[in-house]
Ligand code: SF4
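Numbering (the working numbering), first residue to last: 157 to 543.
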């Protein structure tokens, strides 16, 4: 196996089996803590600077069993999976759980985790979600300071600004390398399949950033760029907080499309914004939070001067995507709320689109394949050769 293949395998393993990664990390970092953070806005740099491994808790794709009793069926699959992880002891790899977000379903899952295991610290430090308010900057800074204090309490150390600046650089370098891969894909290089790219980003959400970057660099040294091909270019949109099931991504390419860009949480949404390095680190962390929503608008935030639909249209123009597939986790309220705007904007621009509601338990793949083939056919008709 080449060093690039071995590195990709290591990334894939961390993405698909984070618990083994955490256990291995603990064995080489005795006495240090592992923090489970819930998506999508917790600044992992704060924990990293305290010597803590901050892991974004993924949907582990296990069936929901005992956790079914703790949340209503109309909660999204991710939160029902989190409740199940709590109910069956699968959150025991984390020394604590921290949340910085607002989605009501996420808060419900957090409450379940707190209720079922009162001994595990759960800190709910919500960042302001209304970003145009005159007090948004102050409130963000206050909450970031609170998160810093809570991490210090958990780790039993004081976070020095120099350590925080170093952690910011480490995450920025990793995100920058990831962005290079995503930008190359947008320009026509399909060296990585959507499943490979998803694994690479999901691994970044689990691993130490320096280790992740070194592995990714090894993968890139071995990969040859591919020429742009003639398949229908599609943009994947949505799937907040967790990864879509891998088989969905496989079917998309089998149906004659090539994914050229996305705004998925396990895609560009994770890596879109860097933390500024030229200003004091706490100020920079607060600025990053504000910048993220401009770099890629999120339906869990309110900001009157940025729109997901406008961003999506710009992105489609940048990548030359010929169709958009909306991957919406069933009952994801923020996504449901914004979807009509997205649909209208794309319809007006004449971009073919397909809405797919995903479920934690999976969806019928053959139906999905048929709908995709119809989308690909519609996009083909938009090509000049059809005129
Ligand atoms: S934003 Fe959507 S996917 Fe994320 S926790 Fe809320 S409902 Fe679930």
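Beta carbons: idealized from backbone N, C-alpha and C, even for Gly.
Any non-hydrogen atom of the ligand SF4 closer than 7 Å to residue i Cβ
{"i": "residue 262", "result": "yes"}
{"i": "residue 396", "result": "yes"}
{"i": "residue 426", "result": "no"}
{"i": "residue 456", "result": "yes"}
{"i": "residue 490", "result": "yes"}
{"i": "residue 98", "result": "What the structure shows of the chain is the stretch from 157 to 543, and residue 98 is not part of that stretch, so it cannot be assessed."}
{"i": "residue 214", "result": "no"}
{"i": "residue 234", "result": "yes"}
{"i": "residue 485", "result": "yes"}
Counterpart residues of residue i in DSSP-defined beta bridges
{"i": "residue 389", "result": "414"}
{"i": "residue 512", "result": "483"}
{"i": "residue 191", "result": "210, 252"}
{"i": "residue 351", "result": "Answer is none; residue 351 lacks a bridge partner."}
{"i": "residue 394", "result": "483"}
{"i": "residue 458", "result": "286"}
Boundaries of the beta strand (DSSP E) in which residue i is found, first to last residue
{"i": "residue 526", "result": "First-last for residue 526: 521 to 537, but that is the alpha helix (DSSP H), not the beta strand (DSSP E)."}
{"i": "residue 479", "result": "479 to 485"}
{"i": "residue 128", "result": "Lying outside 157 to 543, the shown extent of the chain, residue 128 is not represented and no answer is given."}
{"i": "residue 212", "result": "209 to 212"}
{"i": "residue 375", "result": "Note, residue 375: premise wrong, no beta strand (DSSP E); alpha helix (DSSP H) at 365 to 378."}
Residue range of the unbroken alpha helix (DSSP H) whose run includes residue i
{"i": "residue 492", "result": "489 to 505"}
{"i": "residue 178", "result": "174 to 184"}
{"i": "residue 287", "result": "Per DSSP, residue 287 belongs to no alpha helix (DSSP H) and is neither H nor E."}
{"i": "residue 473", "result": "464 to 475"}
{"i": "residue 196", "result": "Note, residue 196: premise wrong, no alpha helix (DSSP H); not H, not E."}
{"i": "residue 439", "result": "437 to 451"}
{"i": "residue 429", "result": "It is not in any alpha helix (DSSP H) - residue 429 carries neither H nor E in the DSSP assignment."}
Within-8 Å CB hit, residue i to chain B
{"i": "residue 201", "result": "No chain B is part of this structure, which consists of one protein chain only."}
Test item: CB-CB of residue i and residue j under 8 Å
{"i": "residue 472", "j": "residue 391", "result": "yes"}
{"i": "residue 210", "j": "residue 358", "result": "no"}
{"i": "residue 437", "j": "residue 321", "result": "yes"}
{"i": "residue 512", "j": "residue 483", "result": "yes"}
{"i": "residue 363", "j": "residue 170", "result": "yes"}
{"i": "residue 201", "j": "residue 324", "result": "yes"}
{"i": "residue 478", "j": "residue 389", "result": "yes"}
{"i": "residue 485", "j": "residue 395", "result": "yes"}
{"i": "residue 430", "j": "residue 332", "result": "yes"}
{"i": "residue 387", "j": "residue 423", "result": "no"}
{"i": "residue 300", "j": "residue 441", "result": "yes"}
{"i": "residue 256", "j": "residue 328", "result": "no"}
{"i": "residue 208", "j": "residue 188", "result": "yes"}
{"i": "residue 374", "j": "residue 163", "result": "yes"}
{"i": "residue 368", "j": "residue 330", "result": "yes"}
{"i": "residue 314", "j": "residue 306", "result": "no"}
{"i": "residue 250", "j": "residue 303", "result": "no"}
Length-filtered (3 minimum) beta strand (DSSP E) runs lying within the region 241 to 281: As far as the region 241 to 281 is concerned, its whole beta strand (DSSP E) runs of at least 3 residues are 252 to 255, 278 to 280.
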